[in-house]
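If you read the sequence shown in numbering that gives the first Met the number 0, its first letter stands for residue 0, the second for the next number, and so on. For glycine and all other residues, C-beta sits at the position ideal for the given N, C-alpha and C. All values reported here derive from a predicted model rather than from experimental measurement.
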Amino acid sequence: MSKLFDPIQIRELTIPNRVWMSPMCTYSAPVGTGMPTDFHQAHYAARAAGGVGLVMVEATGVSPVAPISPVDLGLWADEQVEPFSRITAAIRAGGAVPAVQLAHAGRKASTSAPWEGGDYVAPENNGWETIGPSALAFPGLPAPHELTISEIAEVVQQFADAAVRADKAGFDVVEIHAAHGYLLHNFLSPISNKRTDAYGGPLENRARIVLEVIEAIRQVWPAEKPVFMRISTTDWVEENPHDDRDSWTLEQSKQLALWAAAHGVDLIDASSGGLDVVPIPRERNYQTAKAAELRANTNVLVAAVGRIDDAETAHDLIESDQADAVFLGRPLLKDPSWANHAALSLGATPRYVRQYDYVL
Ligand SMILES: Cc1cc2nc3c(=O)[nH]c(=O)nc-3n(C[C@H](O)[C@H](O)[C@H](O)COP(=O)(O)O)c2cc1C
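Now the structure itself:
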């Protein structure tokens, strides 16, 4: 048996196992619409029927300037709710919990799909001017517009409004994307945040917008449903002896996790990096050790992610209490039924939908 395939209850929600689909952009919405299509539905339904406990729908923009690319999904308008409700129904029909990652790409927004180069897309080509805490550019992209205090309040409200739409569309979990060098991470990291007002400087100021987003979402999101938050546990700068910049670190992540939990976040999805172009280790478990340390030091539920490529690694992370759940990305692109195959190899019971179960 394997605890990996035991259910986990968070608030009133029971998630049938601890193998979860990590959010992955598919760059497949019609340009500028944020609208899910038949492709998204088939893509997410296949992973749900393949046995994962939870499907985290890809980064979904909270405003028209929030997507990473003009072909990302969005929940900034009411007409986007109905096509999302078809996705949640398809995920549920496959036996998994539907979840969505609410995102603002900040200074890394308005870029083309990776297979088209991932370069900046100018306003005249369906792109837009990006925003950030400070007018500091990510390498290769234009400097963002520095948000005013009232514009920060608008962003906070946009996260809450998107959460209302996510609830209407039938999602059981929302995840706040505060990782990978996108807007909220830009506020957290002293590399990208040089503000001198209440949103910059000491950690409690850099974390302010994140805590405001959590609070605003918790005011509108049903109390029985969980809120997750993805963070980068490190900028991978303090680990580099040749880089002495002040950066976002695991120690600050621990404090943020505690504050986030006190404000209503139920689980930290512990990723890393993305704020700057710096060397990052890529070996197996390269960032799950940080997830484990976060979990051990905070007593907050933590999901690990990143190069968890085989069933034994996933099993070990859960059995050894290094993580409460695992998010898988690329392995699920290769094999939509990764979870059921892992269950079989670990001697656990696969979670086939009843349409398959009676013959398999
Ligand atoms: C194609 C692709 C798209 C991704 N899009 C997102 C995203 O929308 N939001 C996010 O937080 N991470 C995103 N990621 C990161 C994954 O969620 C995951 O953290 C990463 O791929 C490491 O896990 P893996 O080794 O299992 O793939 C993406 C990764 C890939 C490969």
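State yes or no: is the C-beta of residue i nearer than 8 Å to some heavy atom of ligand 1?
{"i": "S21", "result": "yes"}
{"i": "Q100", "result": "yes"}
{"i": "R306", "result": "yes"}
{"i": "H144", "result": "no"}
{"i": "P330", "result": "yes"}
{"i": "F227", "result": "no"}
{"i": "H179", "result": "yes"}
{"i": "L182", "result": "no"}
{"i": "A58", "result": "yes"}
{"i": "S68", "result": "no"}
{"i": "F326", "result": "yes"}
{"i": "S27", "result": "no"}
For residue i, which three-state DSSP category applies?
{"i": "Q286", "result": "coil"}
{"i": "S133", "result": "coil"}
{"i": "W235", "result": "coil"}
{"i": "E174", "result": "strand"}
{"i": "T297", "result": "helix"}
{"i": "G169", "result": "coil"}
{"i": "D356", "result": "helix"}
{"i": "L345", "result": "coil"}
{"i": "D77", "result": "helix"}
{"i": "P141", "result": "coil"}
{"i": "I279", "result": "coil"}
{"i": "G60", "result": "strand"}
{"i": "Y119", "result": "strand"}
Pull up the distance between the alpha-carbon of residue i and that of residue j, whole angstroms please.
{"i": "L135", "j": "Y351", "result": "49 Å"}
{"i": "T425", "j": "D243", "result": "Because residue 425 is not part of the residues shown, which for the chain are 0 to 359, the question remains open."}
{"i": "A159", "j": "F227", "result": "14 Å"}
{"i": "R207", "j": "G126", "result": "28 Å"}
{"i": "R353", "j": "A168", "result": "25 Å"}
{"i": "L316", "j": "D308", "result": "12 Å"}
{"i": "N296", "j": "R194", "result": "30 Å"}
{"i": "A222", "j": "G263", "result": "9 Å"}
{"i": "R91", "j": "L331", "result": "18 Å"}
{"i": "I9", "j": "A48", "result": "22 Å"}
{"i": "R17", "j": "N284", "result": "17 Å"}
{"i": "S68", "j": "A112", "result": "6 Å"}
{"i": "M0", "j": "S344", "result": "10 Å"}
{"i": "P335", "j": "W19", "result": "11 Å"}
{"i": "P138", "j": "E11", "result": "43 Å"}
{"i": "R46", "j": "G93", "result": "8 Å"}
Would you say residue i and residue j are within 9 Å of each other, going by their C-beta atoms?
{"i": "V209", "j": "L183", "result": "yes"}
{"i": "G105", "j": "G200", "result": "no"}
{"i": "V325", "j": "A342", "result": "no"}
{"i": "P22", "j": "H176", "result": "yes"}
{"i": "E61", "j": "D171", "result": "It should be pointed out that residue 61 corresponds to Val in this sequence rather than to Glu. Not a contact, by the Cβ cut-off of 9 Å."}
{"i": "P66", "j": "A108", "result": "yes"}
{"i": "D265", "j": "S246", "result": "no"}
Any idea if residue i is buried or exposed, counting beta-carbon neighbours within 10 angstroms, 16 or more meaning buried?
{"i": "T287", "result": "buried"}
{"i": "L359", "result": "exposed"}
{"i": "E174", "result": "buried"}
{"i": "D37", "result": "exposed"}
{"i": "H241", "result": "exposed"}
{"i": "A291", "result": "buried"}
{"i": "I148", "result": "exposed"}
{"i": "P280", "result": "exposed"}
{"i": "V70", "result": "buried"}
{"i": "T218", "result": "Strictly speaking, residue 218 in this sequence is Gln, with Thr absent from that position. That one is exposed."}
{"i": "A333", "result": "Reading off the sequence, residue 333 comes out as Lys, not Ala. Under this definition K333 is an exposed residue."}
With a threshold of 8 Å (Cβ to nearest heavy atom), would residue i be considered close to ligand 3?
{"i": "G126", "result": "Ligand 3 is absent from the structure shown, which contains only ligand 1."}
Beta-carbon of residue i versus every beta-carbon of chain D: anything under 9 Å?
{"i": "Y119", "result": "The structure shown contains no chain D, having only a single protein chain."}
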